[in-house]
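*Asks:* Counting from 1, position 59 in the sequence shown corresponds to residue 59 in the UniProt record's numbering; the numbering is continuous, with no gaps. Ideal Cβ positions, reconstructed from N, Cα and C, are used throughout, including at glycine.
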Amino acid sequence: MVKICPRCGTPNDDFSPVCVRCGYQFPPPTGYNPPPYVPPAGYTPPPYGKKKKSTPIVAVLILVILVVAIGGYLYYKGVFTPARAPVVPPIVVTTHTSIMSTTVRPPQTSTTVQPTPTTTSPPPPSTNKYCAVSFNGKDQYFVTPQFNVTVNGENTTVGLFSYVAMKYHEETIAIRAYLTPNTRGVLIGLSGNTLPFNIPYIGWSPLVYMSDGKLIIAEITDTGPSFPNGKAYEFIKVGVGRGIYPRVNGGEAAMCVNITSPGFYWIVFEEWTTGNDTYVAGYINGELIAEFYAPVANASSLFGAIGPYEYNFVGIAYTYQWPLTNGQWYPFNGSINTIAVYPYVLSQSQVGQLASGPLPPGYFALFIASSKWYNQATGIWQAYNNPELELMTNGSSPLIIE
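1. Do V240 and V257 have their C-beta atoms within less than 8 Å of each other?
2. Quick check on the DSSP output: what are the complete beta strand (DSSP E) runs of length 3 or more inside the segment 292-338, in order along the chain?
3. Are the segment 323-337 and the segment 144-151 touching by the rule of at least three beta carbon pairs closer than 8 Å?
4. Given this structure, state the Cα-to-Cα distance separating I65 from G315, to the nearest angstrom.
5. Among A132, E154, N198, which one has its Cα closest to the Cα of Y320?
6. Tell whether a beta-carbon distance below 8 Å holds between W373 and Y363.
7. Going by DSSP, what residues sit across from G352 in a beta bridge?
8. Indicate the three-state DSSP secondary structure (helix, strand or coil) for I244 in the structure shown.
9. Compute the Euclidean distance between the alpha carbons of N394 and Q328, then round it to the nearest angstrom.
10. Give me the Cα-Cα distance between S356 and K214, rounded to the nearest whole angstrom.
11. Assign C19 to one of two classes, buried (16 or more other C-beta atoms within 10 Å of its C-beta) or exposed (fewer than that).
12. Which residue wins for smallest C-alpha separation from G286, given the options Q348, Y245, E270, D277?
13. State the DSSP-derived secondary structure class of Y363, mapped to helix, strand or coil.
14. Exposed or buried, T172, counting other C-beta atoms within 10 Å across all chains shown (16 or more means buried)?
15. Just checking my contact of T274 with A299 at CB under 8 Å: how many whole Å lie between their CB atoms?
16. Find the nearest neighbour of N152 within the set I380, N386, P308, judged by alpha-carbon distance.
17. Helix, strand or coil: which one does DSSP assign to L346?
18. Measuring CA to CA, which of C22, Y330, S191, I368 is closest to M210?
19. With a CB to CB cut of under 6 Å and the five nearest residues on each side skipped, what residues in its chain are close to W266?
20. Between the alpha carbons of S162 and T260, how many angstroms are there, rounded?
21. Please classify T94 as buried or exposed, where buried requires at least 16 other C-beta atoms within 10 Å of its C-beta.
22. Quick one: residues in its chain with C-beta nearer than 8 Å to the C-beta of F15, no 5 flanking neighbours on either side, listed in chain order?
23. Taking the straight line between their C-alpha atoms, what separation do you get for Y318 and G185?
24. Should V133 and S335 be called a contact, given that it needs their Cβ atoms to be closer than 8 Å?
25. Find the nearest neighbour of T219 within the set N276, A290, L160, judged by alpha-carbon distance.
Next up, the structure:
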């Protein structure tokens, strides 16, 4: 039906309470009683009585809370804690921990850890002696962990090799590497504050490298003739190798030995300082290459001379003015099986033991070529005795050959 607005005359729906045009409020209808509801034919009413209850929501919530609580307790106890690969075997060792904080800093990231040098190291596991991390001689190298030391009263960041030498005043770096007469490049080296492939403007030192079919062990000191009142290195022992330097106008000294056939070689680089002298010695497969010294304490780059050295490398170093090099960044193109860093000088018998038996105990860091310790995907090589000590790739990741 239609009802007419008495105010404006506009037709409106019969059920409209107000006029759609002027808003006039129509009076409510009188005597309106809607017809009673009649259910449709065939409708059956529900049975009388209490409705069957489903599981209360409160009970479900309590069950969820119990599950979460139990899971959290098991996680806290370590039952479901994800293991970080590789997992260090549960070996109890006697340790003495440095009070200095340690910063493991690849060029992009920074992680603080605590160094854990050991007086008695866990023996290394059985490893494949032919497994190796292989470098391409172009852009593959590792940056060592970095540590904080105090130099002349100032807090200074240095790499792993520098830290051990400066803290303990002696060091042995033992490397098992696959070399051929054609192998070239730096196995381990130091850089003041510059990463490859930028030109450094402060100290650099290729400590162990291959070139022209020769394995070369070298050092530099700021007490050479080019420095005021300087004293150059002097050779005091010659074994299976020979001396290349010292230079008459600089602080470098180097020894070398010919590599005539391909194979794995144990290379030992040792330095130690006394009250008045600094010594450098090199060995290959247990035999002395040569030994030289400078009559000044802490005279070498490993002890911080012409440094300090923020970056320590495995697989590269800058080589300008060093003998038998390309005079630039010199990437390694060989393979490395083991790197062991000791906070002391190995004896002659211990050096010989490397080539014929288990590693001598007491290493500060031990890097073993194995997919358990080296993750080629991430380019991280963890130390066997302390996975928090990591060699970090800063370039394409070297290959693992097993």
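*Replies:* If we stick to the structure as given:
1. Contact: yes.
2. Those beta strand (DSSP E) runs which fall completely within the segment 292-338 and span 3+ residues are 311-314.
3. As far as the Cβ criterion goes, the segment 323-337 does not touch the segment 144-151, which means the pair count is below three.
4. A direct Cα-to-Cα measurement between I65 and G315 gives close to 54 Å.
5. Ranking A132, E154, N198 by Cα distance to Y320 puts N198 first.
6. Not closer than 8 Å, so no.
7. Beta-bridge partners assigned by DSSP to G352: none are found.
8. Of the three classes helix, strand and coil, the one that applies to I244 here is coil, per DSSP.
9. When rounded, the separation of the alpha-carbon atoms in N394 and Q328 is 18 Å.
10. Straight across, the Cα-Cα distance linking S356 with K214 is about 23 Å.
11. Buried, since its Cβ has 16 or more Cβ neighbours within 10 Å.
12. Here the closest residue by C-alpha is Q348.
13. Y363 sits in coil when the DSSP states are folded into three classes, being neither helix nor strand.
14. T172 is buried by the Cβ-count criterion.
15. Rounded, the Cβ-Cβ distance is 11 Å, inconsistent with contact.
16. For N152, the nearest C-alpha among the options comes from P308.
17. Under the three-state reduction of DSSP, L346 is assigned to coil, being neither helix nor strand.
18. Relative to the Cα of M210, the nearest Cα in the group C22, Y330, S191, I368 belongs to Y330.
19. Its chain contains R176, N285, L354, A355 as the residues whose beta carbon lies nearer than 6 Å to that of W266, once the 5 sequence neighbours on both sides are disregarded; these appear in chain order.
20. C-alpha separation (whole angstroms): 31 Å.
21. Its pLDDT being 30, under 50, T94 is placed unreliably in this model, and the coordinates cannot settle the point.
22. Around F15: no qualifying Cβ.
23. CA-to-CA, the gap between Y318 and G185 works out to about 10 Å.
24. Yes. Within cutoff.
25. Just to set this straight, residue 219 is Glu in the shown sequence, not Thr. The residue with the shortest Cα to Cα distance from E219 is A290.
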